[in-house]
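In mature numbering (1 follows the signal peptide of the UniProt record, and there is no 0), the protein residues as written are -25 to -1, 1 to 468. The beta-carbon is built from N, C-alpha and C at its ideal position, and this holds for glycine as well.
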């Protein structure tokens, strides 16, 4: 059951929507309004909002459809006649996104007022969400264009233990020079504030402790645009509890905390190899820059290291066999994005040696490559931030490097499907990550390679996804001791 709450701008008469509409002037009651749906429920799937003037009408006509609205995204409908409408809020229950096939979450009524923006915000856990309705005037001020001014409101779409004070400074100023603009609480909407167009910094302060909990990177406000800045829960790994979405028209830009931390885990996909006699299946990694150093020790083959929180920025990576000084590789460049969880995959490539550069790797014509060298490679992947409980991201990582297989496909086959009829499949190019989003279900996973004109089964496994499942990596590797042996491994992101 969705809780539906209504709030109105302080410029409006507070009351039920019918009272509001009857109190409007003739211009307001006959003019068009806008509606925006903002999905701030961080574990929700993509949602579908239909605005209709008659739910009992079995025809497929509707006033407005805002479809496929994922977490931290918006859908917007403009120029809707002022009236009271019915709404249906739904999500996909299977592969179809047709309206009749969607699973209804909630239905109710929503008012569109002439010359006003109606903002519907979904917050909370998707199993018990809250839909909150806000209304505020559409501002189309010629002076804003002439004077180069933007219009900004703030909204808080997450629960926090105390009020939040909002400060803004110009880009080249510090917090000490910032101006106080509003005090926010859960599901509060500020009054409109005008700013000259340009670059700004945003600060969020705990009103009880006066601690600055969030400082944004510089963001731009352009003239004659009406913005809503949403204070929401941080779904990254930085220490701030907040992120901010800048909503305008049909666009969302996310403001992260400046210099937020990163987290990094290493995955060891390096098998034992005769050309690495000192390596026995355990790796150490060292990340360093001019200020600090981080160590990862004893990472087992086909295992993920513990995740470490690091300062974002640029590092040099050295990798060595466990507790040995001689590195397999040194000074690999790695750049860590702020507020992101990332994984570095370590794997081997065999390279044919051609000392004379003539392109002939079999100088004695015995049918065997004369010499092979090894190179340790890295593959850097940014993990999914999704907390969707009904669908999950699987990142496919193909580290099978062989001339025998020209292409690889991964099929996710449900119990009423075959490989030929499977709806979920991905091409898996070598060392090129690709993502697929799968609804909760049980799957037989088949990895099929192309050898000449033939399809060959490389590996297969079973996979079950439910509401408690994490986001996953699907990793494909080969056994260098036996070129015909491959492995398929699932590991949590």
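Quick one: is residue 431 buried, meaning 16 or more other Cβ sit within 10 Å of its Cβ, or exposed? As a first step, residue 431 is located in the chain shown; it is residue number 456 there, counting from the start. Label assigned to residue 431: exposed.
Compare the Cα-Cα distances from residue 413 to each of 269, 388 and 422 and report the closest residue. Numbered from 1 along the chain shown, position 438 holds the residue referred to as residue 413. Of the listed residues, the one whose Cα sits closest to residue 413 is 388.
Using the Cβ count rule (16 or more neighbours within 10 Å means buried), how would you classify residue 281? Here residue 281 refers to the residue found at position 306 when the chain shown is read from its first residue. Exposed, since its Cβ has fewer than 16 Cβ neighbours within 10 Å.
Identify every residue that forms a DSSP beta bridge with residue 465. Taking the chain shown and counting its residues from 1, one reaches residue 465 at position 490. Its beta-bridge partners are 449.
How is the beta strand (DSSP E) around residue 244 delimited, first residue to last? Taking the first residue of the chain shown as position 1, residue 244 is located at position 269. Per DSSP, residue 244 belongs to the beta strand (DSSP E) from 237 to 244.
For residue -1, count neighbouring Cβ atoms within 10 angstroms of its own Cβ and tell me buried if that reaches 16, exposed if not. To locate residue -1, count along the chain shown from 1; it is residue 25. For residue -1, the predicted model reports a pLDDT of 45, less than 50, meaning its position is unreliable; a value from the coordinates is still stated below. Exposed, because fewer than 16 other Cβ atoms sit within 10 Å of the Cβ of residue -1.
Could you check which residue in 392, 391 and 383 has the C-alpha nearest to that of residue 451? Sequence index remark: in the chain shown, residue 451 carries index 476 (1-based). Comparing Cα-Cα distances from residue 451 to each of 392, 391 and 383, the minimum goes to 383.
Environment of residue 348 [buried if 16+ CB atoms lie within 10 Å]: For the purposes of this step, residue 348 is taken as residue 373 along the chain shown, with counting starting at 1. That one is exposed.
What residues are listed by DSSP as bridge partners for residue 13? Sequence index remark: in the chain shown, residue 13 carries index 38 (1-based). Residue 13 pairs with 49 and 96.
Compare the beta carbon distance of residue 70 and residue 398 with 8 Å and say whether it is the shorter of the two. Taking the chain shown and counting its residues from 1, one reaches residue 70 at position 95. Taking the chain shown and counting its residues from 1, one reaches residue 398 at position 423. Taking 8 Å as the Cβ cut-off, residue 70 and residue 398 qualify as a contacting pair.
For the beta strand (DSSP E) containing residue 501, list its first residue and its last residue. Nothing can be reported for residue 501: it is not among the residues displayed for the chain, which extend from -25 to 468.
I think residue 125 touches residue 197, with their Cβ atoms under 8 Å apart; what is that distance to the nearest whole Å? Numbered from 1 along the chain shown, position 150 holds the residue referred to as residue 125. Numbered from 1 along the chain shown, position 222 holds the residue referred to as residue 197. Yes, residue 125 and residue 197 are in contact; Cβ-Cβ is about 6 Å, under 8 Å.
For residue 74, name the three-state secondary structure that DSSP assigns. Along the chain shown, one-based indexing puts residue 74 at 99. Here residue 74 sits in helix by DSSP.
Given residue 327, which residues of its chain have a CB within under 7 Å of its CB, disregarding the five upstream and five downstream residues? As a working mapping, residue 327 is identified with position 352 in the chain shown. Here the set comprises 336, 344 and 347.
Evaluate the contact criterion for the segment 134 to 141 versus the segment 179 to 193: three or more CB pairs, one atom per stretch, below 8 Å. yes
Alpha carbon to alpha carbon, what distance is there between residue 94 and residue 204? On the chain shown, position 229 is the one that residue 204 refers to. On the chain shown, position 119 is the one that residue 94 refers to. Cα to Cα, the separation comes out at about 13 Å.
Please go through the same chain and pick out, in chain order, the residues whose beta-carbon is closer than 8 Å to the beta-carbon of residue 200, but skip the five residues on each side of it. Position 225 of the chain shown, counted from the first residue, corresponds to residue 200. Correct list, in chain order: 125, 126, 223 and 224.
DSSP has residue 411 in a bridge; who is on the other side? Residue mapping note: residue 411 aligns to position 436 of the chain shown, counting from 1. 369.
Within 8 Å, strictly: CB atoms of residue 321 and residue 250: Numbered from its first residue, the chain shown carries residue 321 at position 346. Numbered from its first residue, the chain shown carries residue 250 at position 275. It is not a contact, given that the beta carbons lie outside the stated cut-off.
Starting from residue 419, trace the beta strand (DSSP E) both ways and give me its first and last residue. Here residue 419 corresponds to residue number 444 of the chain shown, with the count starting at 1. 417 to 426 is the span of the beta strand (DSSP E), which, as asked, contains residue 419.
Beta-carbon spacing of residue 212, residue 191 below 8 Å: Sequence index remark: in the chain shown, residue 212 carries index 237 (1-based). Sequence index remark: in the chain shown, residue 191 carries index 216 (1-based). Not a contact, by the Cβ cut-off of 8 Å.
Evaluate contact between the segment 258 to 272 and the segment 290 to 300, counting only Cβ atoms and requiring at least three cross-stretch pairs below 8 Å. yes
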